[in-house]
Ligand code: GLY
Ligand code: MN
Ligand code: MN
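In the working numbering, the protein residues as written are 5 to 446.
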């Protein structure tokens with residue numbers, strides 16, 4: 005059975021989302037959304053199943069091999085779900101199934117069929133329709149089913165812009181779950197600070213974090229945790245986590261839990277032995293100053309781009325003061341010289357996915373999803389991360405004492421009518437607070 009928290013969102017919310025889709029569909033059209041399928045790990049073992057976020061968003065149904073159709077004919081909306089059929093033998097070996105009979109009542113969907121009857125039943129639904137909304141390529145197994153169902157597949161319209169825009173704005177219930185995700189993620193980081201010691205391995209600290217997530221009801225992390233000691237912090241997506249944590253070095257931890265399908269995403273950087281050295285402190289203070297300024301500026305009406313410009317200026321000024329960069333601040337920024345030390349964005353949308361969906365660009369809200377210009381004004385109900393960092397590669401040409409230092413500080417915020425609310429504030433980030441917490445537990 006699902007974890008209790010899988011029922012954390014009222015069923016009405018899923019119904020309302022489907023109704024909202026129904027309103028946006030052209031008459032005599034349908035939208036089809038496929039679930040994830042299980043991913044083979046080796047032989048007959050699979051990776052832990054994680055539902056497709058779009059499919060979850062519209063159904064709250066956590067089984068593989070399923071498909072949802074929302075159809076609109078003569079202004080009448082019908083919802084149909086295809087699920088795995090009940091099968092006592094398969095259920096004995098591989099786990100319970102909701103089954104065709106139970107699906108309509110449990111999911112409050114009009115009709116249900118076995119996924120094995122997809123071709124026959126979906127063809128009937130599509131017969132009199134003039135348009136089909138489908139996200140080609142997202143679920144190749146679904147593309148294959150549709151290819152079988154149609155002798156000539158129609159010109160699909162992508163539903164991604166519609167669903168992305170809906171997912172970008174979090175409801176009161178979603179915010180409640182994201183607050184939980186933020187708080188549990190924060191507990192994991194506090195535990196990590198308390199448990200870190202010289203000579204422990206990175207993966208041991210990872211396991212402390214995962215254990216803390218589990219204790220508070222989040223079974224999985226929302227992405228593979230990064231526990232990066234010393235210069236490993238300069239590898240942005242370091243996930244090997246197999247090295248020893250050394251006295252005198254920092255450790256950068258980027259870890260978040262998934263609670264009721266919603267992601268937390270926190271980074272903290274702190275000294276393995278509990279005390280910052282002077283050069284570590286200097287770099288850390290620049291990042292912290294930039295992050296605090298970003299938290300002041302990320303409010304409704306401002307854009308991520310504008311705020312990042314300010315963050316870049318703070319960092320470049322800080323690096324100039326330390327003799328890590330040289331020259332004229334405006335010239336350096338114009339030439340992107342800071343990208344040697346800050347090579348990622350300021351943050352990203354957060355929700356069911358850790359890198360959540362939604363357009364970042366006001367010019368391309370309904371078009372090109374890959375635009376790099378983050379000029380969309382923030383609005384109430386958006387949730388995003390704020391994660392400035394500085395990474396001084398051991399190979400960079402800078403004063404010796406700074407080489408190999410990597411610092412990132414990441415929090416999650418909700419844009420509100422009054423500014424923003426930090427969902428992850430309970431994990432310390434001031435140097436004095438971190439040192440005090442670590443001193444207590446060492
Ligand atoms: N943990 C991935 C990120 O911070 O974007
Ligand atoms: Mn992160
Ligand atoms: Mn992030």
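Every residue gets a Cβ at the ideal spot worked out from N, C-alpha and C, and that includes glycine.
Confirm, please, whether the CB-CB distance from residue 356 to residue 227 is below 9 Å. Their beta carbons are not under 9 Å apart, which means residue 227 does not touch residue 356 by this criterion.
Exposed or buried, which one is residue 5 when buried takes at least 16 other CB atoms within 10 Å? Note that residue 5 has pLDDT 35, beneath the 50 cutoff, so the model's placement of it is unreliable and the number below is only indicative. By the 10 Å Cβ count, residue 5 comes out exposed.
Can you tell me which of the three DSSP states residue 222 falls into? Judged by DSSP in its simplified three-state form, residue 222 adopts coil rather than helix or strand.
Could you check what DSSP says for residue 386 in three-state terms: helix, strand or coil? Correct three-state label for residue 386: coil.
For residue 46, count neighbouring Cβ atoms within 10 angstroms of its own Cβ and tell me buried if that reaches 16, exposed if not. It counts as exposed.
Nearest-angstrom Cα distance between residue 436 and residue 289? Whole-angstrom Cα-Cα distance: 11 Å.
So, with DSSP's three-state summary, where would you put residue 3? The requested residue 3 is not part of the displayed model; the chain covers only 5 to 446.
Roughly how many angstroms lie between the CA atoms of residue 284 and residue 221, to the nearest whole one? Cα-Cα distance, rounded: 35 Å.
Below 8 Å, is the gap between the Cβ of residue 227 and the nearest heavy atom of ligand 2? Within the cutoff, so yes.
Near residue 396, what residues of its chain come up, given a Cβ to Cβ distance below 8 Å and the 5 sequence neighbours on each side ignored? Around residue 396: 238, 287, 328, 345, 402, 406, 407, 408, 409, 410.
Going along the chain, which residues of its own chain have a beta-carbon closer than 6 Å to the beta-carbon of residue 366, five neighbours each way excluded? The answer, listed in chain order, is 379, 380.
Quick one: is the Cβ of residue 360 within less than 8 Å of any heavy atom of ligand 2? Result no, Cβ not under 8 Å from ligand 2.
Taking 8 Å as the line, does the beta carbon of residue 351 fall inside it for any heavy atom of ligand 3? Under cutoff, so the answer is yes.
Does the stretch 269-283 come close enough to the stretch 195-203 to have 3 or more Cβ pairs within less than 8 Å? Touching, per the Cβ criterion.
According to DSSP, is residue 130 part of a helix, a strand, or is it coil? If DSSP states are grouped into helix, strand and coil, residue 130 belongs with the helices.
Should residue 370 go down as buried or exposed, given a rule of 16 or more other Cβ atoms within 10 Å for buried? Low per-residue confidence applies at residue 370: pLDDT is 48, beneath 50, and the placement is therefore not dependable, though the value from the model is reported in the following sentence. The residue is exposed, with fewer than 16 neighbouring Cβ atoms inside 10 Å.
When we look at the beta-carbon of residue 138 and count the other beta-carbons within 10 Å, is it buried (16 or more) or exposed? Counting the other Cβ atoms within 10 Å of the Cβ of residue 138 gives 16 or more, which makes it buried.
What's the gap between the Cα of residue 418 and the Cα of residue 324? Put simply, the backbone Cα of residue 418 is about 33 Å away from that of residue 324.
Can you list, in chain order, the residues of its chain with a C-beta nearer than 7 Å to that of residue 192? Leave out the 5 residues immediately preceding and following it. The answer, listed in chain order, is 213, 216, 217, 259, 261.
Is residue 82 close to ligand 3? I mean its beta-carbon at under 8 Å from any heavy atom of the ligand. Every heavy atom of ligand 3 is 8 Å or more from the Cβ of residue 82, so no.
Tell me the DSSP secondary structure of residue 370 in three-state form. Because the pLDDT at residue 370 is just 48, under 50, the model does not fix this residue reliably, and the value given afterwards should be weighed accordingly. Coil at residue 370, not helix or strand.
What is the rounded straight-line gap between the Cα of residue 338 and the Cα of residue 163? When rounded, the distance between both Cα atoms is 38 Å.
Can you say whether residue 18 is buried or exposed, counting buried as having 16 or more other CB atoms within 10 angstroms of its CB? Taking every protein chain shown into account, the CB of residue 18 has 16 or more other CB atoms within 10 angstroms, so this residue is buried.
Could you compute how far the alpha carbon of residue 316 sits from the alpha carbon of residue 294? Each residue's alpha carbon lies about 8 Å from the other.
For ligand 1, any of its heavy atoms closer than 8 Å to the Cβ of residue 385? Checking the Cβ of residue 385 against ligand 1 gives no.
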